[in-house]
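Residue numbers (the UniProt record's numbering): 1 to 595. All C-beta atoms, glycine included, are put in the ideal place defined by N, C-alpha and C. Taking it in order: structure first as structure tokens, then the write-up.
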């Protein structure tokens, strides 16, 4: 028992001594490295955050963080307690903003939607109620209810929303209540809003409920165009809305024409001639069908009989030709703008194919070029991302680059601890490249001048005796080639082949771009140099320990003189320098003296 205790204590002492020896060696290596390279900084590459203070227990023995906050609301159900959203209390305590940004506030866009719905009610229903006998004393109160609800929306828009809209004056965003109100009162928008709310409804007491007295409500068209601009700014596919809006223009023109045709038929007398509406079936559908045939000039219409009918039909034909041509031209512009990118892609691809056919490029290469065009377009929606960002200011380009690439670049071990602004400058220099399946990203033995970051796809590192064995597969977010950016002597050579496994989208950072950035960040340059040396040293250690062949010498060392020849020269010296060996020795001395 005493022997076992002694052996255990001796093992503990030996392990402790070995740990101390290892620590001394590491410290000696660090001091030696610092004496050799003065650029090496301390081991603390970045400041370490101070430990947070421990939570102080409450007098009751419970930590403060364990208690539910006063803002949390709970409801009891059966034997359990659930946390609920106090939406009713939030709704009661909600305060309307003192100023509204009309460009980015989604609540304002939603309000404009209700205003446009009220405007559409007036534009579409006033002609119908005026021409067709759909407004009767039995349902007049329903029509008036919706009418005055739309008037209330108009009034709230003037009093609450339009007087709180921010505006730009002299480059400054004005948010003062008085200034915003005065700006609205001086605008053309205010004059049209007041004009569209003219109280012509008081004439109802004299002439009856005539829908034409509500025609000024259609003058609130500025809200409609503003809603279009705001909605197109937030939609991802705005061209779909433009097509729908252009189609609505055509339908509305047909709607107005159908109302005018029924009014003309009622003026002439329903069924009085073959040209007018005969009063059978659904009046609106029959008149709308007639309007479609007239405006689109399909033909097959009955000939007008009276002078009124002839004049009305001529005006219809002229208006229809003009309106229909305008609608077709606008639809062509909308569709052309929606397919502008596709047209540019097709033109680039056709030009490239024409070029390859002219120079008789092999068919295999042409197929790979076509594949690259198709994949790049379908994956990115564009051929070159930089074309979209070139018109933006430098600050906006940086914001976009941070959102797209910062999470990937910040995880690179080589750049951890560097200046944050240096990382931002580096993000703007990244270049996106698409590689096809089995494309070589880099080859063994070539000089590395760039670093690669995998944005999407996979790449395989090949090695082994035949150079085709898959050593490792790198996926999205992985980084390789980073040591090449800081290697001395013009760059180090690649140690393996890297091949794209499927389609791969990579970000590339070139060495010259990084050198231009590091000029302004000397501390980060020192840190990167230190990390690069450590990486190179760790990569070269296994090869040295295995005794592998070293780098070939440019000038080989001088061969050692054979021992037998040395002994012969010594014997010639003892004999006084006579004979052939003596003369050879004397000749060697003479040559040495001349040198």
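Please state the DSSP three-state secondary structure of residue 166.
Against the chain shown, residue 166 aligns to sequence position 166. Note: residue 166 maps to coil in three-state DSSP.
What's the gap between the Cα of residue 435 and the Cα of residue 243?
By 1-based counting over the chain shown, the position of residue 435 is 435. By 1-based counting over the chain shown, the position of residue 243 is 243. Near 37 Å, if we compare the C-alpha coordinates of residue 243 and residue 435.
Would you mind sorting residue 180 into buried or exposed? The rule is 16 or more other CB atoms within 10 Å of its CB.
As a position in the chain shown, residue 180 is number 180, starting the count at 1. Counting Cβ neighbours within 10 Å, residue 180 comes out buried, since at least 16 surround it.
Work out the CA separation of residue 397 and residue 167 for me, nearest whole Å.
As a working note, residue 167 is residue 167 in the chain shown. As a working note, residue 397 is residue 397 in the chain shown. Spanning the two alpha carbons is a distance of roughly 25 Å.
Can you tell me which residues form a DSSP beta bridge with residue 507?
What you label residue 507 is simply residue 507 of the chain shown in a count that begins at 1. BP columns for residue 507 point to 432 and 453.
Could you give the distance in angstroms between the alpha-carbon of residue 110 and the alpha-carbon of residue 500?
Translated into positions along the chain shown, residue 110 becomes position 110. Translated into positions along the chain shown, residue 500 becomes position 500. Approximately 47 Å between the Cα atoms of the pair.
Spatial neighbours of residue 408 within its chain, please: C-beta separation below 6 Å, excluding the five flanking residues on both sides.
Position 408 of the chain shown holds residue 408. 453 and 477, listed in sequence order.
Between the Cα of residue 287 and those of 266, 262 and 303, spot the shortest distance and give me the residue it belongs to.
As a working note, residue 287 is residue 287 in the chain shown. If we check each option's Cα against that of residue 287, 262 comes out closest.
Would residue 130 and residue 211 be called neighbours here (beta carbons separated by less than 7 Å)?
Within the chain shown, numbered from 1, the residue matching residue 130 stands at position 130. Within the chain shown, numbered from 1, the residue matching residue 211 stands at position 211. For residue 130 and residue 211, yes; Cβs fall inside 7 Å.
Looking at residue 459: is its Cβ nearer than 7 Å to the Cβ of residue 441?
Position 459 of the chain shown holds residue 459. Position 441 of the chain shown holds residue 441. Yes, the pair counts as a contact, with Cβ atoms nearer than the cut-off.
Taking residue 143 as the reference, give the member of 121, 426 and 366 with the closest Cα.
Numbered from its first residue, the chain shown carries residue 143 at position 143. Considering only alpha carbons, the answer is 121.
Mind checking whether residue 278 and residue 269 have CB atoms under 7 Å apart?
On the chain shown, position 278 is the one that residue 278 refers to. On the chain shown, position 269 is the one that residue 269 refers to. Not in contact: residue 278 and residue 269 (Cβ atoms no closer than 7 Å).
Rounded to whole angstroms, what's the CA-CA distance from residue 507 to residue 406? Just pull it up for me.
As a first step, residue 507 must be located in the chain shown, where it is residue number 507. As a first step, residue 406 must be located in the chain shown, where it is residue number 406. Their Cα atoms are separated by approximately 12 Å.
Could you tell me which uninterrupted alpha helix (DSSP H) segments, each at least 4 residues in length, are contained entirely in the region 102-149, listed from first to last along the chain?
The qualifying runs are 106-131.
Between the alpha carbons of residue 347 and residue 353, how many angstroms are there, rounded?
Reading the chain shown from its first residue, position 347 is the one you call residue 347. Reading the chain shown from its first residue, position 353 is the one you call residue 353. Those two C-alpha atoms are separated by around 10 Å.
For the region 221-271, list the alpha helix (DSSP H) runs that are entirely contained and at least 4 residues long, ordered along the chain.
As far as the region 221-271 is concerned, its whole alpha helix (DSSP H) runs of at least 4 residues are 221-234 and 238-268.
Report back the beta-carbon spacing between residue 195 and residue 219 to the nearest angstrom; my notes put them in contact at under 8 Å.
One-based indexing of the chain shown puts residue 195 at position 195. One-based indexing of the chain shown puts residue 219 at position 219. That belief holds up - the Cβ atoms of residue 195 and residue 219 are roughly 6 Å apart, short of 8 Å.
Rounding to the nearest angstrom, what Cα-Cα distance links residue 402 and residue 427 in this structure?
On the chain shown, residue 402 is found 402 positions in, with the first residue counted as 1. On the chain shown, residue 427 is found 427 positions in, with the first residue counted as 1. Each residue's alpha carbon lies about 7 Å from the other.
Buried or exposed: where does residue 342 fall if 16 or more other Cβ atoms within 10 Å of its Cβ makes it buried?
Within the chain shown, the letter at position 342 stands for residue 342. By the 10 Å Cβ count, residue 342 comes out exposed.
Closest to residue 284 by C-alpha separation, out of 474, 416, 257 and 323, would be which residue?
Counted from its first residue, the chain shown places residue 284 at position 284. Taking only the C-alpha atoms, the option nearest residue 284 is 257.
Can you list, in chain order, the residues of its chain with a C-beta nearer than 7 Å to that of residue 410? Leave out the 5 residues immediately preceding and following it.
In the chain shown, counting from the first residue as 1, residue 410 sits at position 410. Hits under 7 Å: 423.
Looking at residue 334 and residue 622, is the spacing between their C-beta atoms short of 7 Å?
An answer regarding residue 622 cannot be provided, because it is not within the stretch 1 to 595 covered by the chain.
When burial is assigned at 16 or more other CB atoms within 10 Å of the CB, is residue 298 buried or exposed?
Position 298 of the chain shown, counted from the first residue, corresponds to residue 298. Exposed.
Of all the CB atoms in chain C, is at least one closer than 7 Å to the CB of residue 413?
No chain C appears in this structure, which consists of one protein chain only.
When the Cα atoms are used, what is the spatial distance from residue 415 to residue 518?
Mapped onto the chain shown, residue 415 falls at position 415. Mapped onto the chain shown, residue 518 falls at position 518. Roughly 12 Å between the two C-alpha positions.
Taking the alpha carbon of residue 462 as the point to measure from, which residue in 446, 432 and 497 has its own alpha carbon closest?
Position 462 of the chain shown, counted from the first residue, corresponds to residue 462. Checking every option, the nearest Cα to that of residue 462 belongs to 497.
Tell me whether residue 442 sits in a helix, a strand or coil according to DSSP, three-state version.
Counted from its first residue, the chain shown places residue 442 at position 442. Of the three classes helix, strand and coil, the one that applies to residue 442 here is strand, per DSSP.
Under DSSP, the alpha helix (DSSP H) around residue 321 begins and ends at which residues?
Residue mapping note: residue 321 aligns to position 321 of the chain shown, counting from 1. Residue 321 -> alpha helix (DSSP H) spans 307-338.
Cβ atoms of residue 223 and residue 232: under 7 Å apart, would you say?
Translated into positions along the chain shown, residue 232 becomes position 232. Translated into positions along the chain shown, residue 223 becomes position 223. Against a cut-off of 7 Å, the Cβ pair of residue 223 and residue 232 comes out as no contact.
So what's residue 96 in DSSP terms, helix, strand or just coil?
As a working note, residue 96 is residue 96 in the chain shown. Note: residue 96 maps to coil in three-state DSSP.
Taking all protein chains shown into account, do 16 or more other C-beta atoms lie within 10 angstroms of the C-beta of residue 512, making it buried, or fewer, making it exposed?
Locating residue 512 in the chain shown gives position 512, counting from the first residue. Flag for residue 512 reads exposed.
Return helix, strand or coil for residue 384, following the three-state DSSP convention.
As a working note, residue 384 is residue 384 in the chain shown. Here residue 384 sits in coil by DSSP.
Would you decide whether residue 137 is buried or exposed? Buried here means 16 or more other CB atoms lie within 10 Å of its CB.
Along the chain shown, one-based indexing puts residue 137 at 137. So residue 137 ends up on the exposed side.
Going by DSSP in three states, residue 517 sits in which element: helix, strand or coil?
Mapped onto the chain shown, residue 517 falls at position 517. In this structure, residue 517 counts as helix in the three-state DSSP scheme.
Tell me which residue opens and which closes the alpha helix (DSSP H) that residue 392 is part of.
In the chain shown, the residue the question calls residue 392 occupies position 392. No alpha helix (DSSP H) holds residue 392; DSSP gives it neither H nor E.
Please classify residue 17 as buried or exposed, where buried requires at least 16 neighbouring CB atoms within 10 angstroms.
Counting from 1 along the chain shown, the entry for residue 17 is found at position 17. Exposed is the call here.
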